[in-house]
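Each step along the sequence shown adds one to the number in the working numbering, with nothing skipped, and position 214 is 202.
Note that beta-carbon positions come from the ideal geometry of N, C-alpha and C, so glycine has one too.
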Amino acid sequence: MITTIVLTLALVVTSSAVVALVKGPGSTDGGTTGPAVSSARHWVNTWTAMPQLTEPANMPPPPFTEESAVLVDTTLRQTVRVSTGGKRMRLRFSNAFGDTALPITAVSVALPLDGRAGVSAIEPGTLRRVTFGGRTFATVPAGAQLVSDPLDFDVRPGSNLTVTAYLAEGQPSLALTSHPGSRTTSYLQKADHTQDQDLPQATPVNHWYLLSDVEVFSGPGTAAVAVLGDSLTDGRGSTTNENNRWPDQFLDRLRARPATDDVAVLNQAAGGNRVLNDGLGPNVLARLDRDILSRSGVSWLVVFEGVNDIGTAEAAPAAQRSITAELIAAYEQIVVRAHAQGIRVYGATLTPFGGNTMYDDPAGHREASRQAVNSWIRTSGRFDAVIDFDRAVRDPADPRRLRPALHDGDWLHLNPEGYRSLAAAVPLRLFRGPAGG
-11 MITTIVLTLA
-1 LVVTSSAVVA
9 LVKGPGSTDG
19 GTTGPAVSSA
29 RHWVNTWTAM
39 PQLTEPANMP
49 PPPFTEESAV
59 LVDTTLRQTV
69 RVSTGGKRMR
79 LRFSNAFGDT
89 ALPITAVSVA
99 LPLDGRAGVS
109 AIEPGTLRRV
119 TFGGRTFATV
129 PAGAQLVSDP
139 LDFDVRPGSN
149 LTVTAYLAEG
159 QPSLALTSHP
169 GSRTTSYLQK
179 ADHTQDQDLP
189 QATPVNHWYL
199 LSDVEVFSGP
209 GTAAVAVLGD
219 SLTDGRGSTT
229 NENNRWPDQF
239 LDRLRARPAT
249 DDVAVLNQAA
259 GGNRVLNDGL
269 GPNVLARLDR
279 DILSRSGVSW
289 LVVFEGVNDI
299 GTAEAAPAAQ
309 RSITAELIAA
319 YEQIVVRAHA
329 QGIRVYGATL
339 TPFGGNTMYD
349 DPAGHREASR
359 QAVNSWIRTS
369 GRFDAVIDFD
379 RAVRDPADPR
389 RLRPALHDGD
399 WLHLNPEGYR
409 SLAAAVPLRL
419 FRGPAGG
């Protein structure tokens, strides 16, 4: 009798577990809708940048780029702004687009002087050496990434961090992985300067190279929101070294509210990126696993991309009807794949481009596609919530255009005030910190 009861209970428990696995968190297909926030201490990405193959115009300047190698005998010092903080951290370096192994000789971290972005000097006494498997050096295989050992280092929320790497051999090809749209100044100098307090002789460049992620060991309830986007999220039109892209200003809003002050913001955007076809970087459907689903601690995803797909498609009725249908199908795929990982997905409407010389066509075929896509985002019910960026920045007197005071001159990209308007349009109630607010 006891054996029968135990067996029955085991079957009930097993059946319940199977149902939970099938439904999964974040599902709108009959499952629960809560994001997967850990109940134990765990690693969470606090900063990231979408890896890209470096185009010739964005390669390091001579002498750091040679005929068949790059960054030989070179120190690279970079600053990045983290979102959430912690007492332990680790770094990730990416060789995603390398066709040869990438040997890294030495890495250090520090706090930048006066906490500023884009500076070459560091705060005295803050420099620490980074290791990989207990060693100070490591090699990143072609197409791979490298995770450092955890390091006891006080990472303050919303602060800037300095990461310095030295490559004695450099990369023995020109297939360099980077994020060109850093809007942040980095520094290059020959020889090993990973332990130097300043690099006064260094060459400044406004790109990030090789570094792809910073993670912090976080408390229960800490989670990240990732953003899929293009140049409007990457921050074209924002101010170099001021961190005033819309995700940065959105982070400021999150941090000002106790219920959301432990939510990390991960900007996985690149100028020229597209949802359906490769542009600058792989298309969204190809990079979703790498840039979103594999990142540590992601509970929410904001999808704000598609304008480049519409703008680069032929301005003809049949072509635009096709691109509209394909974009909607792609959004469906993103939702399904993210929900399978317990991630809630929020759709952001596409902002106007009327007056832009590249995308605006006289007959309005592309505008019709934008309106059709936005209507689907607003009304389909496929997204867990809608963020209406279009409404936030369009001109009420001419809704096919941006408000004149908010764009950077090309009627497509925004200025810092325009990005502030996007950040203000994101409802904070869609996110919850460790207090569950």
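Alpha-carbon spacing of residue i relative to residue j, whole angstroms
{"i": "alanine 360", "j": "valine 32", "result": "36 Å"}
{"i": "threonine 124", "j": "threonine 152", "result": "13 Å"}
{"i": "methionine 346", "j": "alanine 132", "result": "36 Å"}
{"i": "isoleucine 316", "j": "phenylalanine 371", "result": "11 Å"}
{"i": "glutamate 314", "j": "arginine 325", "result": "16 Å"}
{"i": "isoleucine 110", "j": "serine 170", "result": "19 Å"}
{"i": "alanine 98", "j": "valine 253", "result": "21 Å"}
{"i": "valine 213", "j": "threonine 63", "result": "32 Å"}
{"i": "aspartate 277", "j": "asparagine 296", "result": "21 Å"}
{"i": "alanine 8", "j": "valine 107", "result": "Residue placement at alanine 8 cannot be trusted, given a pLDDT of 31 that sits under 50; what the coordinates show is reported in the next sentence. Approximately 49 Å between the Cα atoms of the pair."}
{"i": "aspartate 240", "j": "glutamate 55", "result": "44 Å"}
{"i": "alanine 411", "j": "leucine 402", "result": "12 Å"}
{"i": "phenylalanine 81", "j": "serine 282", "result": "15 Å"}
{"i": "glycine 260", "j": "valine 215", "result": "15 Å"}
{"i": "threonine 228", "j": "glutamate 405", "result": "14 Å"}
{"i": "arginine 144", "j": "leucine 199", "result": "19 Å"}
{"i": "phenylalanine 377", "j": "alanine 258", "result": "18 Å"}
{"i": "arginine 224", "j": "phenylalanine 292", "result": "15 Å"}
{"i": "valine 60", "j": "alanine 94", "result": "13 Å"}
{"i": "glycine 207", "j": "aspartate 140", "result": "15 Å"}
{"i": "proline 340", "j": "leucine 79", "result": "37 Å"}
Residue i, buried or exposed, once every other Cβ within 10 Å from all chains shown has been counted against 16
{"i": "arginine 417", "result": "exposed"}
{"i": "proline 235", "result": "buried"}
{"i": "proline 168", "result": "buried"}
{"i": "serine 363", "result": "exposed"}
{"i": "arginine 29", "result": "exposed"}
{"i": "threonine 367", "result": "exposed"}
{"i": "glutamate 43", "result": "exposed"}
{"i": "glycine 335", "result": "buried"}
{"i": "alanine 328", "result": "exposed"}
{"i": "leucine -3", "result": "Because the pLDDT of leucine -3 is 34, which lies under 50, any placement of that residue in the model is unreliable, and the question is left without a value."}
{"i": "glycine 22", "result": "With a pLDDT of 49 at glycine 22, under the threshold of 50, the predicted position of this residue should be treated as unreliable, though the coordinate-derived value follows. It is exposed - the Cβ of glycine 22 has fewer than 16 other Cβ atoms within 10 Å."}
{"i": "glutamate 320", "result": "exposed"}
{"i": "proline 294", "result": "What sits at residue 294 in the sequence shown is glycine, not proline. Buried is the call here."}
Of the listed residues the options, nearest to residue i (C-alpha basis)
{"i": "aspartate 102", "options": "Ser147, Pro415, Asp376, Ser200", "result": "Ser147"}
{"i": "proline 188", "options": "Lys178, Trp196, His195", "result": "Lys178"}
{"i": "proline 246", "options": "Arg420, Tyr197, Tyr175", "result": "Arg420"}
{"i": "aspartate 398", "options": "Pro50, Arg275, Leu220, Pro39", "result": "Leu220"}
{"i": "alanine 304", "options": "His353, Leu400, Pro129", "result": "His353"}
{"i": "aspartate 250", "options": "Leu273, Phe205, Asn265, Asp266", "result": "Phe205"}
{"i": "proline 50", "options": "Ala94, Ser357, Val193", "result": "Val193"}
{"i": "leucine 338", "options": "Ile375, Ala306, Asn344", "result": "Ile375"}
{"i": "proline 112", "options": "Ala105, Arg104, Val118, Pro100", "result": "Pro100"}
{"i": "leucine 90", "options": "Val58, Met38, Gln159", "result": "Gln159"}
{"i": "aspartate 87", "options": "Lys75, Thr36, Leu164", "result": "Leu164"}
Residue interval of the beta strand (DSSP E) (run including residue i)
{"i": "histidine 167", "result": "165 to 167"}
{"i": "leucine 199", "result": "199 to 206"}
{"i": "arginine 78", "result": "74 to 82"}
{"i": "valine 414", "result": "Run containing valine 414: none; DSSP gives neither H nor E here."}
{"i": "proline 192", "result": "191 to 193"}
{"i": "phenylalanine 238", "result": "First-last for phenylalanine 238: 234 to 243, but that is the alpha helix (DSSP H), not the beta strand (DSSP E)."}
{"i": "valine 151", "result": "148 to 155"}
Residue i - partner residues in DSSP beta bridges
{"i": "tyrosine 334", "result": "Val290, Ala373"}
{"i": "leucine 90", "result": "Val128"}
{"i": "aspartate 386", "result": "Asp383"}
{"i": "glycine 269", "result": "Gly267"}
{"i": "tyrosine 175", "result": "Arg65, Pro192"}
{"i": "phenylalanine 120", "result": "Arg123"}
Element boundaries [alpha helix (DSSP H), containing residue i]
{"i": "valine 324", "result": "305 to 327"}
{"i": "glycine 299", "result": "295 to 300"}
{"i": "glutamine 276", "result": "Position check: residue 276 holds leucine in this sequence, whereas glutamine was assumed. Where leucine 276 is concerned, the enclosing alpha helix (DSSP H) stretches over 272 to 276."}
{"i": "valine 364", "result": "The identity of residue 364 in the sequence shown is tryptophan, whereas the question assumes valine. Counting along the chain, the alpha helix (DSSP H) containing tryptophan 364 begins and ends at 353 to 367."}
{"i": "aspartate 222", "result": "219 to 222"}
Chain B within 8 Å of residue i, Cβ atoms only
{"i": "proline 160", "result": "Looking for chain B here will not work: only one protein chain is present."}
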